[in-house]
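Participant: I'd like to ask you about the structure that follows.
Protein chains: 2
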Amino acid sequence: MNGDSKDMLKLDNQLCFALYACSKEIISLYKPYLNSHGLTYTQYITLLVLWEQDSLSVSELGNKLLLDSGTLTPLLKKLEKSQLIERVRDKDDERIVKVYLTEKGKMLQDSFLELPQKMFCNSGIKLEEAIDLKAMLNQLLGNIRKL
Amino acid sequence: MNGDSKDMLKLDNQLCFALYACSKEIISLYKPYLNSHGLTYTQYITLLVLWEQDSLSVSELGNKLLLDSGTLTPLLKKLEKSQLIERVRDKDDERIVKVYLTEKGKMLQDSFLELPQKMFCNSGIKLEEAIDLKAMLNQLLGNIRKL
DNA sequence: TTATATTTAATTGTGTACAATATAATTGTA
DNA sequence: TACAATTATATTGTACACAATTAAATATAA
Chain W
1 MNGDSKDMLK LDNQLCFALY ACSKEIISLY KPYLNSHGLT YTQYITLLVL
51 WEQDSLSVSE LGNKLLLDSG TLTPLLKKLE KSQLIERVRD KDDERIVKVY
101 LTEKGKMLQD SFLELPQKMF CNSGIKLEEA IDLKAMLNQL LGNIRKL
Chain B
1 MNGDSKDMLK LDNQLCFALY ACSKEIISLY KPYLNSHGLT YTQYITLLVL
51 WEQDSLSVSE LGNKLLLDSG TLTPLLKKLE KSQLIERVRD KDDERIVKVY
101 LTEKGKMLQD SFLELPQKMF CNSGIKLEEA IDLKAMLNQL LGNIRKL
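Chains as they are written, first to last, in this note's numbering: chain W, 1 to 147; chain B, 1 to 147.
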C-alpha cells in the first residue's frame with residue numbers, strides 16, 4: 001500500500017511531467033525557425049492569434065493564450081519595438097489597450113506558412129496519433145478549466 | 001492551398017500549444033498543494049527524483065529532469081537553504097556536486113504520498129485515457145530526443 | 001450624483017528556463 | 001610530464017510565467 005504510493009511518486013509515472021517535458025522539448029524544436037526571425041515561442045503564438053484576428057485587447061489575447069498581463073505587457077512591448085504590432089489605448093474605454101498588427105507584422109505570416117508542416121515532420125508522429133493526442137489534450141484542458 | 005496553410009497556423013490547430021497550455025494548467029493544479037509546503041513544481045519534481053534515488057550529481061539530475069545547470073544550480077541552492085537537501089562537492093572528482101536528501105527532505109515524501117491520486121481525480125480524466133496519453137507523450141518525447 | 005465596486009493594464013517580486021560564457025578539475029596524449 | 005581537450009558546475013543575460021499589488025477608468029447603486 002505504502003509501496004504503491006511511493007511508486008506513484010516516481011517521475012516516470014507522472015503524467016504531468018510527461019506533459020511538461022514534451023511541451024518544452026517541442027518548443028525547443030521551434031527555436032531554430034523562430035530565432036531566425038528574432039521571435040520567441042510565446043511571441044510566435046501571440047502572432048498566431050493576431051494573424052487569425054487582428055485588433056484584440058490585452059485581456060482577450062490573454063484569454064486565448066492563457067497568459068496574464070504580467071507576461072503579455074512586456075512581451076507586447078518587445079513586439080512593438082520590433083515594429084510587428086502597435087499598442088493603442090482605446091478611445092472609448094481608456095482602460096483597454098488594443099493590439100494591432102503592422103504591415104510588417106501581417107507580412108511576417110508568409111514566412112511561417114510552411115512551419116506547421118515542417119514541425120509535424122520533425123516530430124516523427126503519425127497523423128492519426130497527433131489528432132488523437134490533441135483531442136485528448138483539449139479534453140483534459142477543458143476538464144481543468146471547468147473547475 | 002494558401003488557405004490551408006493559414007488554417008494550419010491557427011492556434012487551435014497547434015499540437016504544440018495544446019501541450020504548452022495543458023502542461024501549464026496541470027502544473028497550476030499542483031500549486032495549492034506545493035505552496036503549502038513552500039515548494040514550486042520544479043522543486044517538487046527534483047525531490048521526486050531524489051526520493052527515488054538519493055545522492056545524484058547535478059548533471060544526473062539534469063538528465064532525468066531535462067534541465068541544465070543554469071536552472072538547477074539556483075533551484076538546488078534554494079532547496080538547500082530550506083534544509084531539504086545538501087550539496088556536497090565530490091572528494092574524488094571535485095568538478096562534481098552531489099545532492100543528498102536531508103532527514104527533513106526524506107521525511108517530506110510522506111506528505112506527498114497521496115498527491116498523485118489527488119491530482120488524478122482533479123484532472124477528471126479516465127484511467128485508460130491517462131495511460132494512453134502518457135504513452136503517446138513518452139513516445140513523442142522519445143522521437144524528439146533521438147534527433 | 002456621489003460613493004463604492006469592478007474592470008483593465010501595468011508594475012513588482014520571485015522563480016524558472018535556457019543560451020552563452022567562464023572557471024576549475026580531470027583526462028588523454030604526444 | 002606538459003598541455004590540449006573534455007567535463008562539470010556556476011554565472012550572466014534575456015525572456016517568460018504568475019501572484020500580488022497598484023492605478024486609472026468605468027460601471028453601479030444608494
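For glycine and all other residues, C-beta sits at the position ideal for the given N, C-alpha and C.
If you're wondering where the values come from, they're calculated on a predicted model, not measured in any experiment.
Does DSSP classify leucine 56 of chain W as helix, strand or coil?
Facilitator: As a working note, residue 56 of chain W is residue 56 in the first sequence. Looking at leucine 56 of chain W - three-state DSSP - the assignment turns out to be strand.
Participant: For isoleucine 125 of chain W, is the classification buried or exposed, using 16 other Cβ atoms within 10 angstroms of its Cβ as the cut-off for buried?
Facilitator: As a working mapping, residue 125 of chain W is identified with position 125 in the first sequence. Buried.
Participant: Beta-carbon separation of leucine 141 of chain W and valine 99 of chain W under 8 Å?
Facilitator: What you label residue 141 of chain W is simply residue 141 of the first sequence in a count that begins at 1. What you label residue 99 of chain W is simply residue 99 of the first sequence in a count that begins at 1. The answer is no: Cβ separation not under 8 Å.
Participant: Chain B partners of serine 111 of chain W, CB-CB under 7 Å?
Facilitator: Within the first sequence, the letter at position 111 stands for residue 111 of chain W. Those do not exist, as serine 111 of chain W stays about 11 Å from chain B at its closest Cβ, beyond 7 Å.
Participant: Is the number of C-beta pairs between the segment 25–35 of chain W and the segment 10–28 of chain B that are closer than 8 Å three or more?
Facilitator: With a cut-off of 8 Å, the segment 10–28 of chain B and the segment 25–35 of chain W count as touching, because enough Cβ pairs lie within range.
Participant: What residues from chain W crowd round leucine 66 of chain B, counting only those whose CB sits closer than 8 Å?
Facilitator: For this step, residue 66 of chain B is matched to residue 66 along the second sequence. Those within 8 Å of leucine 66 of chain B in chain W are Ala21, Lys24, Glu25.
Participant: What separation, rounded to the nearest whole angstrom, lies between the Cα atoms of aspartate 92 of chain B and serine 57 of chain B?
Facilitator: Taking the second sequence and counting its residues from 1, the one referred to as residue 92 of chain B is at position 92. Taking the second sequence and counting its residues from 1, the one referred to as residue 57 of chain B is at position 57. Near 13 Å, if we compare the C-alpha coordinates of serine 57 of chain B and aspartate 92 of chain B.
Participant: To the nearest angstrom, how far is it from the Cα of isoleucine 45 of chain W to the Cα of aspartate 7 of chain W?
Facilitator: Your numbering for residue 45 of chain W matches position 45 in the first sequence. Your numbering for residue 7 of chain W matches position 7 in the first sequence. Their Cα atoms are separated by approximately 37 Å.
Participant: Rounded to a whole number of angstroms, what is the C-alpha to C-alpha distance between leucine 65 of chain W and leucine 75 of chain W?
Facilitator: In the first sequence, the residue the question calls residue 65 of chain W occupies position 65. In the first sequence, the residue the question calls residue 75 of chain W occupies position 75. About 13 Å.
Participant: Report back the beta-carbon spacing between leucine 11 of chain W and valine 49 of chain B to the nearest angstrom; my notes put them in contact at under 8 Å.
Facilitator: Position 11 of the first sequence holds residue 11 of chain W. Position 49 of the second sequence holds residue 49 of chain B. Contact flag correct, Cβ pair sits at about 6 Å.
Participant: Contact criterion: CB-CB distance below 8 Å. Does methionine 136 of chain B meet it with respect to chain W?
Facilitator: Mapped onto the second sequence, residue 136 of chain B falls at position 136. So, interface residue.
Participant: Taking the alpha-carbon positions, what's the glutamate 86 of chain B to leucine 101 of chain B distance?
Facilitator: As a first step, residue 86 of chain B must be located in the second sequence, where it is residue number 86. As a first step, residue 101 of chain B must be located in the second sequence, where it is residue number 101. Their Cα atoms are separated by approximately 6 Å.
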